[in-house]
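Visitor:
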Amino acid sequence: MKDELLIVERIEDGIVTVEKSENEFFDIKLNEFDCDVQEGDVLKLVNGKYSIDTEKTKELRKISAYLQNIAFGIKEADTEK
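Note that my numbering has the sequence shown beginning at 2, numbered continuously upward.
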């Protein structure tokens, strides 16, 4: 079975909205997490509990920053300051 990426889309009023796949979202109560989730975190479900996949989160944040830099015309060297 292929692992699914579960990405925290937003957190509002104690509700965590998670994107399961493209345009498929669901909500989880914030108090159901044993960890400090933030927008953009990649989650994994293990034994009925959600946890943060720190490696995938770092990877996706790095890709996102790279794409934003391209979109705004920022050279890679400029981001290393």
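Backbone N, C-alpha and C fix where the C-beta goes; we use that ideal spot for every residue, glycine too.
Quick test of your reading: L7 and V43, contact by CB under 8 angstroms. State the CB separation rounded to the nearest angstrom.
Guide: For the purposes of this step, residue 7 is identified with residue 6 of the sequence shown, where counting begins at 1. For the purposes of this step, residue 43 is identified with residue 42 of the sequence shown, where counting begins at 1. Yes, L7 and V43 are in contact; Cβ-Cβ is about 7 angstroms, under 8 angstroms.
Visitor: Would you identify the three-state DSSP class for I75, choosing helix, strand or coil?
Guide: On the sequence shown, residue 75 is found 74 positions in, with the first residue counted as 1. The answer is coil: DSSP assigns I75 none of H, G, I, E or B.
Visitor: Measure the C-alpha to C-alpha separation of I75 and L61 and round it to an integer number of angstroms.
Guide: The count along the sequence shown starts at 1 and reaches residue 75 at position 74. The count along the sequence shown starts at 1 and reaches residue 61 at position 60. Whole-angstrom Cα-Cα distance: 19 angstroms.
Visitor: How close, in whole Å, do the beta carbons of V47 and L31 come, if the pair is a contact with beta carbons under 8 angstroms?
Guide: In the sequence shown, residue 47 corresponds to position 46, counting from 1. In the sequence shown, residue 31 corresponds to position 30, counting from 1. No, V47 and L31 are not in contact; Cβ-Cβ is about 19 angstroms, not under 8 angstroms.
Visitor: Looking at V9 and G89, is the spacing between their C-beta atoms short of 8 angstroms?
Guide: For residue 89 there is no data in the structure shown, the boundaries of the chain being 2 and 82.
Visitor: Determine the direct distance from the alpha carbon of S52 to that of V19, and round the result to whole angstroms.
Guide: Here residue 19 refers to the residue found at position 18 when the sequence shown is read from its first residue. Here residue 52 refers to the residue found at position 51 when the sequence shown is read from its first residue. Cα to Cα, V19 sits roughly 13 angstroms from S52.
Visitor: One question on the structure: do K45 and D35 come within less than 8 angstroms of each other, judged by their Cβ atoms?
Guide: Position 44 of the sequence shown holds residue 45. Position 34 of the sequence shown holds residue 35. Taking 8 angstroms as the Cβ cut-off, K45 and D35 do not qualify as a contacting pair.
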